[in-house]
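In UniProt numbering, the protein residues as written are 1 to 96.
Heads up, the thing below is written out as structure tokens.
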Ligand SMILES: [Zn+2]
Ligand SMILES: [Zn+2]
């Protein structure tokens with residue numbers, strides 16, 4: 001996966017969504033790459049194929065090496081929809 005493809009994935013700034021109401025405390029989501037919690041204002045990137053999110057800087061490096069989601073191994077490249085068939089036109093010229 002190239003840097004250009006990675007930059008086409010949606011990214012966002014993490015914001016704390018603390019409602020205050022509601023029973024049951026769910027732990028904040030953390031980045032499966034570095035296992036650190038998200039902090040407010042940190043740049044995160046979302047994988048549209050599975051809706052998992054990570055630090056942008058973490059998942060960028062990951063995706064450069066491994067174009068799959070670190071959590072569920074879904075294909076991370078959204079540009080793979082559709083198949084392009086390039087017409088091969090090869091002309092062999094024999095000189096002899
Ligand atoms: Zn991270
Ligand atoms: Zn995933």
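Even for Gly, the Cβ is constructed at its ideal location relative to N, Cα and C.
Residues near residue 58 in its chain [Cβ-Cβ closer than 6 angstroms; skip 5 each side]: Position 58 of the chain shown, counted from the start, is the residue given in the question as residue 58. Closer than 6 angstroms at Cβ, skipping near neighbours: 31, 33 and 34.
Do you know how far the Cα of residue 4 is from the Cα of residue 63? On the chain shown, residue 63 is found 63 positions in, with the first residue counted as 1. On the chain shown, residue 4 is found 4 positions in, with the first residue counted as 1. Going by the C-alpha atoms only, they are around 11 angstroms apart.
For residue 47, which beta-bridge partners are listed by DSSP? One-based indexing of the chain shown puts residue 47 at position 47. Answer is 52.
Going by other Cβ atoms of all chains shown within 10 Å of its Cβ, with 16 needed for buried, is residue 75 buried or exposed? Locating residue 75 in the chain shown gives position 75, where the first residue counts as 1. Under this definition residue 75 is an exposed residue.
Counting C-beta neighbours from all protein chains within 10 Å, is the total for residue 54 16 or more, i.e. buried, or is it exposed? Numbered from its first residue, the chain shown carries residue 54 at position 54. Classification for residue 54: buried.
Need the endpoints of the beta strand (DSSP E) that residue 30 sits in, please. Locating residue 30 in the chain shown gives position 30, where the first residue counts as 1. For residue 30, no beta strand (DSSP E) encloses it, and the DSSP letter there is neither H nor E.
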